[in-house]
Every structure is written in structure tokens, then in C-alpha cells.
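Count the sequence shown with the UniProt record's numbering and you get residues 1 to 368, in order.
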Amino acid sequence: MSQQFDFCILGAGLAGLSIADSLAEHDFSTAVIDREDIAAGASGTPGGLVNPATGRRAKKVWKAEQCYTTTLQCLQKVQETTEDHFFAKNGVLRPALMEKMARKMRNEYEQTSWPKDWCQWKSEGQIKEMHPGITCVNGGLWLPVGLTVDVGQYLHAYAAYLEQEAGTTFFLNQDPIERYDDGYWRIKLEKTMIRAKHIVFATGRATATSYHWDWLPFNLIKGQVAEFKTANNALGFDHSISSLGYMARLGYDGTFIQGSTYEHDYTHLDPDDQGEEYLRKRLRRTLPRLEKDVTTVNQWAGVRTSTPDYMPILGQHPTDKNLHLFSGLGSKGLLHSKFLADHYVDHLVNGSELYPEIDIRRYCLTNT
């Protein structure tokens, strides 16, 4: 028994589900395969932010308006199909923790063109009024458009949407892909054979070890997050925070997600005591009184795939045009994934040029 598809996507994380969605919107038949399960990799973090101002300077993200609009539309589309609430537009507060940081953030803010009501500079007094007990030096940013997402829950709902509404077929237990003379890629599974004209690698860290793509300069970064809970079962504020990591605030039961570590030299893939202490230290720096009051409920770890220029990689293999790559989303996967998936499918369907910032050819030119 065999099943035939236009595209087979390897990986059921943010990149894989987003490209499956965009392909289905153009009536391509799609299959998604993952070695483990939906959201089993770095995309499955229990809490993340859609924050258009990132880094120490709170710099506006590349293509922020387009990415944010597309992300919000996709979240709303999927949310309509389930009663489980997996995201909230609760805003992101970005306090400066040092005078130098405040100066750089303020300078970046004043030189940046922000859409109306997206980003506001707040004085130290205003931020401390918004959030009593927070560490703040000389002000910071308030982003009312900021979103908080339970990413793992979102991806499970997204997969269910794709299966029910778009006809996407999901499989587990990927075997190696094989190319046959008829022009189709074949993947042998336990009970069926998949034949696909095109293969899309959206496998995150596994991409770096694939012989098809091992010439690309990927950086693998382990990130740990912790779920904390307050003793009195309440927090007293609704927004999330971006400050030496992030604090993702979902629900009203006194729990929140604190992230993330950035481990380049790791020896295992599991969460550990060192990661918990690192996250507590970061929480202590921003919210010292809160850190004393919380207990650790759970921990999670995953490995993100990043690039030297911190931009994703999209494109066709330089010698095999039926092999495609969508990787390197790093910590901005929530914000970039659907916009870039739409952009790439438009490139495939209409021949539009890829943005040079994300085009795989920026590395092909120096490596082939």
C-alpha cells in the first residue's frame, strides 16, 4: 500500500505545520512526518511570547508588521476550532535593568517607526506603577500588542485543524528518505509507503546532522524553561515580561513560565538543577519578591536551531530542486513561521523572489 502527496514535510513543529498550512491553502496535498510527535522538539515549549521588540536594545523585529499580522490571524483561526485557550493578547512589559540599557532602549525606540499603539516608552515611575515590585532603572517599554502563547498546546490544536480542515495527513516514525528514478521521494513506514514529489525539511536540530544540509552553518542552542507557581495561587498582574529572558503569563492560577537559558555547550538534552537556578536568578533580578514566593512545578528543555546572522533559512537544495529547507527560526519562531511559510509558497507557486535575508542562496554562494 502506498500514498502519494505533492509535498511531504519532515517535522511537526512551528515551521512544519506552518508550511503545511500554506501549501494546503494552495491546494497541494501534504503529509507531515515526525520521528516523535507533534511539538516534540524545541517548538513545544509550554510558554512563549510574540514580542516585536527583541534583544537588549529592544530592536524592532524584521518585517514586524507583516509577521505580527499573519501570526495573530493564524492564532485566531486555530483558536476558533477549540475550546482550549492557548493564547492571550495581554501585552509585554520591557523594563530596563541598568542605566546603560535604558539609554540604548530609549535611543532605539526614538529612532524606530512603530505602528500606532504598538510600543510606548514609560518612565521608571510609570513602569513601577504598572508592576509594583519590579526592578526598573530609568524606564522601559510597554508593548500592548504583545501576545503570550502556550506553544505546545497551540501546535496540537494547529495539527488537528490541518487534519480536519485542510486534509493534511500525519505520520510518525520516519525512516530515511529514498529517491527513485521516477522522480518521487519515497519513505517507508510501518504500514504504508509515502511517495512525494517534494520533501521539505523542517526538522529543527536534526537538520544540522542531515547529509543534505550539513554544509550549512547552524548553531544549536539548548534552552530550558521552568513553570513556577506562587504560594497564594495569584499573581496580581496580567501582562508578560521580557527582561533577561522572559516571563510568560497565561491563566489566572498563579502559574507562569520563566525562560530561557542559552546553552551552547551542553552535554545532555534534559532539564537540570543548573537550569532551574539560572532561571531563578534571572527572575530574582527582575522580580526579587516574587522569586522568593514561588515553587517549581515543572521544567522543560529543547534545542533551537539558529544561524550566524540570526535569520531563518528557506530555499531549495542547490543541486536537487525537489528538496526544500525551512529552518533556523531560533527564538522568533512564533513571529516568523507563518509569514515566511506564506512567502515561500508564493515563491514556489508564483516565482516571486525570496527575501535575501532568509534565502538559502546567501550560504550556497560561499559553500558550493
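All C-beta atoms, glycine included, are put in the ideal place defined by N, C-alpha and C.
Helix, strand or coil, according to DSSP, for residue i in the structure here?
i	result
Pro356	coil
Glu65	helix
Ile19	helix
Lys77	helix
Ala341	helix
Ile38	coil
Tyr180	coil
Asp265	coil
Asn298	strand
Leu155	helix
Tyr363	helix
Arg103	helix
Pro308	coil
Ala206	helix
Val137	coil
Gly351	coil
Ser43	helix
Thr71	helix
Ser2	strand
Leu14	helix
Leu334	helix
Gly223	strand
Thr368	Note that Thr368 scores a pLDDT of 45, beneath 50, so its modelled location is shaky and nothing firm can be said.
Taking 9 Å as the threshold (C-beta atoms), are residue j and residue i in contact?
i	j	result
Lys191	Met1	yes
Gly254	Thr230	yes
Leu325	Trp185	no
Glu178	Gln224	no
Val151	Ala40	no
Thr70	Lys332	no
Leu143	Arg94	yes
Pro52	Leu244	no
Pro271	Ala226	yes
Pro312	Gly330	yes
Leu269	Lys222	yes
Gly44	Gly302	yes
Val50	Gly146	yes
Tyr109	Leu72	no
Leu235	Phe256	yes
Ile241	Thr295	no
Val297	Phe228	yes
Ala15	Ser306	no
Met105	Ala58	yes
Asp84	Gln4	no
Glu357	Asp309	yes
Gly139	Lys122	yes
Lys63	Phe339	yes
residue 450	Asn322	Residue 450 is absent from the structure shown; the chain starts at 1 and stops at 368.
Taking the DSSP output, what are the residues bridged to residue i?
i	result
Lys89	DSSP output for Lys89 lists no bridge partner at all.
His198	Phe7
Phe256	Phe228
Gln120	Trp142
Ser242	Tyr246
Lys60	Ala53
Lys292	Lys292 is not bridged to any residue.
Pro115	Its beta-bridge partners do not exist; DSSP assigns none.
Pro95	Gly140
Arg186	Glu178 and Arg195
Taking the beta strand (DSSP E) that residue i falls in, what are its first and last residues?
i	result
Ile313	Ile313 to Gln316
residue 388	Because the chain here runs from 1 to 368, residue 388 falls outside it and cannot be looked at.
Lys191	Careful: Lys191 lies outside any beta strand (DSSP E) and carries neither H nor E.
Leu49	Gly48 to Val50
Ser29	Ser29 -> no beta strand (DSSP E), and no H or E assigned at all.
Leu323	Leu323 to Ser327
Phe171	Thr169 to Leu172
Thr148	Leu147 to Val149
Check for me: the alpha helix (DSSP H) holding residue i runs from which residue to which?
i	result
Met130	Glu124 to Met130
Are the region 114–130 and the region 3–15 in contact at 8 Å, needing three or more beta carbon pairs? Look at the beta carbons and you see the region 114–130 not touching the region 3–15: under three pairs across the two are nearer than 8 Å.
The region 32–45 touching the region 82–96, judged by at least three CB pairs closer than 8 Å: These segments do not touch.
Can we say the region 218–232 touches the region 199–208, given the rule of at least three CB pairs closer than 8 Å? Cβ pair count under 8 Å is three or more, so yes.
Any contact of the region 94–106 with the region 165–176, i.e. 3+ C-beta pairs under 8 Å? Contact between the region 94–106 and the region 165–176 is absent: fewer than three C-beta pairs spanning the two stretches fall below 8 Å.
Does the region 154–161 come close enough to the region 15–24 to have 3 or more Cβ pairs within less than 8 Å? Yes, since at least three Cβ pairs between the region 154–161 and the region 15–24 fall closer than 8 Å, the two stretches touch.
Would the region 237–249 count as touching the region 336–349 if we require 3 or more Cβ pairs under 8 Å? The region 237–249 makes no contact with the region 336–349, as fewer than three CB pairs between them are under 8 Å.
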